[in-house]
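Structure first, commentary second.
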Amino acid sequence: HHTFTKHKPKMPLPHFLLVTYPAQGHINPALQLAKQIASTSAAHVTFVTNATAIHRINLNHHHPFLAHGAILDGYDENDANTASDSPTQKLIRYNLAASKSLLELVNSLSDLGRPVTCIIYTLLLPWAADVARQLGIPFVVFWPQPAAVFSVYYHYFHGYKERIESCVKDPEFTLNLPGLPPLASRDLPSFFFPNNPYSFFLTHFEEQFKTIDISKPKVLVNTFNALESDVMESMDGVVELIGVGPMVPSDKTFGGDLFDGDVKDYKKWLDAKLPRSVVYLSFGSLALLQKRQLEEITKGLMESGRPFLWVLRKAQREAEKDVVIETEVIEGREDERGMVVEWCSQVEVLSHPSIGCFVTHCGWNSTMESLFSGVPTVGVPQWSDQPTNAKMVEDVWGSGVRGRVSGEGVVEAKELIRCLDAVMGKEGEGERVRRKAEGWREKALDAVREGGSSHRSLERFVVEISDHES
Ligand code: UDP
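Sequential numbering of the sequence shown, starting at 2, is according to full-length UniProt numbering.
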């Protein structure tokens, strides 16, 4: 690990407090960011999330500058009264309890002689900025989605609301935003759609964007310059988007899984397969596929004849019990063509030579991990930023295709097979997509290695905060 020449050794090191929402897709990149800042040896980092998630975090001891702390979120006592809370009530309860708890944590760190010099916070935590402001501490957002999606939201809150609403309503409408390809309704983040149960998230995004406007507009983004230079440059002079990603661990473990890994030996199973022959399927940590979609995927996998490794979380199985009966067929084939697991080490799986493609919901971490591993993707986006990510992958980055949905809103078996054939074919489109994916892998590695764009940007950011302090 390197040290910064610019750092003045006699000054106390700056102390970053990195606070994240306790979702897997936020914890993973935030934990990686915390490790990277700590490993510069130019700053201390305290990684903070709720008490339940903190218990699952394993900060390996390679990082003497890294510590963790828990905040209480109003759910930690397992209060039976909270069980029936709606998503909106959950977020309100969380905000109130967690912001009070964060304030106490920062004060107690100060009493312990470890004053916080900068608060970095992820999505959905605008109150973290309020705490920082109250204490007079600088704060910065770490955006765990692509710059493209940042830009879409930014424009929504800055003059494009009506145009975006027209685009939501009218499938023929084309939305033109600087630095982005023309977007159609189906490419927009789901929170814009009035009929989706999470549209209240928009209010939280709005709060978050207000905090961004107040901070000297600077945002750390889990992306890299080569991937999103167009959109990043288009925001120049408005918001400084600092690409510090991809936040993918080189040792292949993030160190904070909220789910228990499956006991099945999927690595051994993968070892026995031919190079680039296996379809890996995972839809992240939150999305629940509807019954019809599960059925069509099952059917498509059966008919395709390709080996597959499929992550079906416990919650997904419990939500659609009768489809699970059908997947027992798949489970019976563990030693053969298919394997179903409850949770795996995804970064490790994606880097396995047997993996030929990734059928994904296009969560941003999954997307970055596929680029980082050079694995082509078949997008089956579900909600949030995923449709936009799927659009970028297919039309701008070229490292995958997107499944077309039927009238029922599902990717049918024959469409899945078409997509698998497209990205796994040895010639034509398959070769083109694979080359693109491999090209992005090189560029992603270039960005994060010492002297690469993301590495330098993060260094510069840490030094700036240190200088601000001295
Ligand atoms: N993940 C994993 N094992 C699994 C499924 C997912 O480790 O079996 C990880 C994956 O590597 C990624 C995260 O969980 O880092 C999911 O984040 P993403 O943004 O892709 O989706 P989300 O869960 O937020 O919808």
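Every residue, glycine too, gets a C-beta built ideally from N, C-alpha and C.
These numbers come from a predicted model, not from an experiment.
Buried or exposed, going by whether 16 or more other CB atoms sit within 10 Å of the CB of residue i?
| i | result |
| --- | --- |
| Leu126 | buried |
| Ser405 | Sequence check: residue 405 is Arg here, not Ser. Exposed, since its Cβ has fewer than 16 Cβ neighbours within 10 Å. |
| Arg450 | exposed |
| Gln135 | exposed |
| Lys392 | buried |
| Lys268 | exposed |
| Asn108 | exposed |
| Gly262 | exposed |
| Asp386 | buried |
Indicate whether residue i and residue j have their beta-carbon atoms separated by less than 7 Å.
| i | j | result |
| --- | --- | --- |
| Asn29 | Phe202 | no |
| Leu295 | Val330 | no |
| His27 | Pro190 | no |
| Leu32 | Gly257 | yes |
| Ala148 | Val279 | no |
| Pro377 | Val424 | yes |
| Arg293 | Glu409 | yes |
| Pro172 | Ser186 | yes |
| Ile165 | Tyr281 | no |
| Leu221 | Phe143 | yes |
Of all the options the options, which has the alpha carbon lying nearest to the alpha carbon of residue i?
| i | options | result |
| --- | --- | --- |
| Asp266 | Thr41, Val350 and Val411 | Val350 |
| Ser374 | Trp384, Ala391, Met393 and Ser400 | Ser400 |
| Ile138 | Gly238, Leu104 and Asp77 | Leu104 |
| Phe225 | Ile466, Leu289, Ser458 and Ser467 | Ser458 |
| Arg403 | Phe143, Glu234 and Val434 | Val434 |
| Val348 | Arg338, Phe359, Val341 and Met340 | Phe359 |
| Pro382 | Glu395, His362, Trp398 and Pro13 | His362 |
| Asp188 | Gly431, Trp384, Ala445 and Ala414 | Trp384 |
Does DSSP put residue i in a helix, in a strand, or in coil?
| i | result |
| --- | --- |
| Lys444 | helix |
| Ser100 | helix |
| Arg277 | coil |
| Leu219 | According to the sequence displayed, residue 219 carries Lys and not Leu. In this structure, Lys219 counts as strand in the three-state DSSP scheme. |
| Ser283 | strand |
| His16 | strand |
| Tyr22 | coil |
| Ile298 | helix |
| residue 476 | The structure shown does not extend to residue 476, since the chain spans only 2 to 471, so no value can be given for it. |
| Trp398 | helix |
| Cys420 | helix |
| Arg314 | coil |
| Glu337 | coil |
| Arg403 | strand |
| Asn29 | helix |
| Leu290 | coil |
| Tyr122 | strand |
Of all the CB atoms in chain B, is at least one closer than 7 Å to the CB of residue i?
| i | result |
| --- | --- |
| Phe140 | No chain B appears in the structure shown, which is made up of a single protein chain. |
Just checking residue i against ligand 3 - is the residue's beta carbon closer than 6 Å to any of the ligand's heavy atoms?
| i | result |
| --- | --- |
| Gly380 | In the structure on display, ligand 3 does not appear, and the ligands it does have are ligand 1. |
Three-pair Cβ contact test at 8 Å for the stretch 193–208 versus the stretch 107–114: no
Please confirm if the stretch 151–161 is in contact with the stretch 52–71, defined as three or more CB-CB distances below 8 Å between the two stretches. no
Pair every Cβ in the stretch 71–78 with every Cβ in the stretch 32–52, then say whether three or more of these pairs are closer than 8 Å. yes
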